[in-house]
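Data block below; observations after.
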Amino acid sequence: MTVGIVGAGQLGRMLALAGYPLGLDFLFLDPARDAPAGRVAPVLHGPFTDPKLLSRLARECAVLTFDWENISVDALRAHAVSAHAARICPPITALAAAQDRVTEKRLFERLGIPTTRWRAVGSPSQLERALREIGVPGVLKTRRLGYDGKGQVRVRTPEDAHRGWEELGKVPLIYEEWVSFDCEVSIIGARSTSGATTIYPLNGNVHSEGILRLTRAPYGPPSWQRLAARHLRCCLTHFRYVGVLTIEFFVRQGRLIANEMAPRVHNSGHWTIEGCVTSQFENHLRAILGLPLGSPRPLGYSAMVNLIGALPPCEGLLAEEGLHLHDYGKQPRPGRKVGHCTVVAPTAASRDRRARRLLGKLAPGLRIP
Ligand code: AMP
100 MTVGIVGAGQ
110 LGRMLALAGY
120 PLGLDFLFLD
130 PARDAPAGRV
140 APVLHGPFTD
150 PKLLSRLARE
160 CAVLTFDWEN
170 ISVDALRAHA
180 VSAHAARICP
190 PITALAAAQD
200 RVTEKRLFER
210 LGIPTTRWRA
220 VGSPSQLERA
230 LREIGVPGVL
240 KTRRLGYDGK
250 GQVRVRTPED
260 AHRGWEELGK
270 VPLIYEEWVS
280 FDCEVSIIGA
290 RSTSGATTIY
300 PLNGNVHSEG
310 ILRLTRAPYG
320 PPSWQRLAAR
330 HLRCCLTHFR
340 YVGVLTIEFF
350 VRQGRLIANE
360 MAPRVHNSGH
370 WTIEGCVTSQ
380 FENHLRAILG
390 LPLGSPRPLG
400 YSAMVNLIGA
410 LPPCEGLLAE
420 EGLHLHDYGK
430 QPRPGRKVGH
440 CTVVAPTAAS
450 RDRRARRLLG
460 KLAPGLRIP
């Protein structure tokens with residue numbers, strides 16, 4: 100059976116690597132000639148909106164999924180779903196909601212999931228109003244197409260906001276209050292075609308310049324896990340979701356405040372490859388193929404460190420006892436995720452010690468709570 104994946108990045112590549120032991124084949128669609136999944140599976144090269152390529156993907160594959168959410172919902176609907184009645188998971192409605200920060204915020208509010216205070220900003224007068232009603236500090240973000248901190252301007256003074264408008268304001272924006280959080284967490288779960296659902300332990304995430312640097316899991320007290328899992332289940336049920344879904348939260352004084360959701364496998368779940376009975380990648384495939392879901396039970400206390408910009412010499416990393424290295428085969432570029440590494444420790448304290456040591460080597464200066 101062949102699974103079609105729109106987007107052949109590192110997430111797609113890890114999906115394929117998880118699917119081969121299950122006897123699955125993969126076919127990708129991606130414009131980049133050197134996309135990471137191209138090293139492990141065939142890729143149709145062309146734009147994500149190419150009608151011919153989308154049709155071919157839909158014809159040749161039992162089910163379609165995606166590893167990247169900045170793809171055209173309209174093109175998917177027109178050329179994959181309508182023309183070939185192809186099954187696409189996760190649902191396009193969830194993809195559409197996650198693509199627009201305003202739709203996403205409204206969804207959280209409708210489902211009773213606390214989120215940051217926000218205003219849609221489409222003109223200088225709406226920006227003035229947002230500044231009056233929400234105040235500073237805040238952050239201006241593009242409603243669409245932002246990732247890894249791109250399309251965002253921190254606002255400490257009203258002047259910053261006006262500069263942000265000049266920089267970003269050619270497209271619709273959102274203004275959000277700046278949350279002085281105690282920490283950031285995310286929760287990942289999978290729901291299968293049968294409605295069966297499984298939820299992973301909570302991830303504790305550290306970002307710098309909008310890019311994820313470190314994830315530790317399991318993380319936080321049981322009350323955070325319960326709350327996050329409740330919010331995630333609510334979204335999974337709302338969309339009659341199929342596949343893996345992630346929600347990211349800020350934690351302030353024990354309260355969880357939703358930042359955003361991702362209708363796909365997520366960087367904060369990479370540790371599940373070595374750190375859980377069943378990885379998020381395998382469970383995504385099981386979910387979309389209607390197979391029984393695997394256990395999300397952790398095998399210890401994991402830390403995942405992203406390798407950003409360029410891969411350090413692998414000898415230094417591999418000399419670390421029990422370290423698992425993932426090289427995505429990407430060309431180095433500042434701010435680019437080129438790989439990650441994971442360690443699994445027997446206790447939270449030993450995991451944190453190892454995470455600090457690794458970060459000391461890989462991202463000196465980054466402080467972790
Ligand atoms: P995002 O692209 O919205 O996930 O933002 C990337 C990262 O920037 C987040 O994980 C936070 O570390 C930081 N960030 C974004 N929005 C806010 C906010 N409203 N308050 C505080 N930090 C934020």
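Our numbering applies: residue 100 is where the sequence shown begins, and numbers increase by one.
Think of the CB as a built atom: it goes at the ideal place given N, C-alpha and C, for glycine as much as any other residue.
For residue i, three-class secondary structure by DSSP
| i | result |
| --- | --- |
| Y318 | coil |
| N302 | strand |
| I372 | helix |
| V350 | strand |
| C282 | strand |
| E275 | strand |
| E359 | strand |
| F207 | helix |
| L194 | helix |
| D479 | With the chain covering only 100 through 468, there is no way to say anything about residue 479. |
| A462 | coil |
| G111 | helix |
| G106 | coil |
| C334 | helix |
| G118 | helix |
| L123 | coil |
| S88 | Here the chain has residues from 100 to 468 only, and residue 88 is not among them. |
| A185 | coil |
| R453 | helix |
| R325 | helix |
| S307 | strand |
| R312 | strand |
| R228 | helix |
Check whether residue i and residue j have beta carbons under 8 angstroms apart
| i | j | result |
| --- | --- | --- |
| L313 | V404 | yes |
| V102 | L416 | no |
| L326 | L355 | yes |
| G428 | P135 | yes |
| H183 | S154 | yes |
| T296 | R332 | yes |
| A386 | A316 | no |
| A131 | L156 | no |
| S307 | L128 | no |
| F125 | A115 | yes |
| C282 | G248 | no |
| F64 | M113 | With the chain covering 100 to 468 only, the question about residue 64 has no answer from this structure. |
| A444 | R453 | yes |
| L163 | A185 | yes |
| I298 | P213 | no |
| G389 | T377 | no |
| L244 | N358 | no |
| A193 | Y340 | yes |
| R209 | K240 | no |
| P431 | G408 | yes |
Cβ separation of residue i and residue j, assumed to be a contact under 8 angstroms, to the nearest whole Å
| i | j | result |
| --- | --- | --- |
| V284 | V350 | 6 angstroms |
| T441 | I372 | 7 angstroms |
| S401 | L311 | Contact flag wrong, Cβ pair sits at about 14 angstroms. |
| R363 | F147 | Not really, about 14 angstroms apart at Cβ, beyond 8 angstroms. |
| E203 | R218 | 14 angstroms between Cβ atoms; not a contact. |
| G108 | W167 | 6 angstroms |
| H365 | I287 | 6 angstroms |
| G374 | C188 | Not quite, the Cβ-Cβ distance comes to about 25 angstroms (not below 8 angstroms), so this is no contact. |
| D259 | V252 | 7 angstroms |
| R242 | L272 | 6 angstroms |
| P300 | P141 | Their Cβ separation, rounded to whole angstroms, is 35 angstroms, which puts P300 and P141 out of contact at 8 angstroms. |
| H439 | L406 | 6 angstroms |
| A195 | L206 | A195 to L206, Cβ: 10 angstroms. No contact. |
| N467 | V305 | Note that residue 467 corresponds to Ile in the displayed sequence, not to Asn. That belief holds up - the Cβ atoms of I467 and V305 are roughly 5 angstroms apart, short of 8 angstroms. |
Discussion item. Ignoring anything shorter than 4 residues, give me the alpha helix (DSSP H) runs that lie fully in the region 231-272, in order along the chain.
Written reply: 257-267
Worksheet item: Unbroken beta strand (DSSP E) runs of length 3 or more, entirely within the region 369-438: which are they?
Response: 400-407, 423-426
Worksheet item: Do the region 334-348 and the region 270-277 touch if we need at least three Cβ pairs shorter than 8 angstroms?
Response: Contact fails: fewer than three Cβ-Cβ distances are below 8 angstroms.
Discussion item. In chain order, what are the residue ranges of uninterrupted alpha helix (DSSP H) at least 4 long that sit wholly in the region 131-182?
Written reply: 150-159
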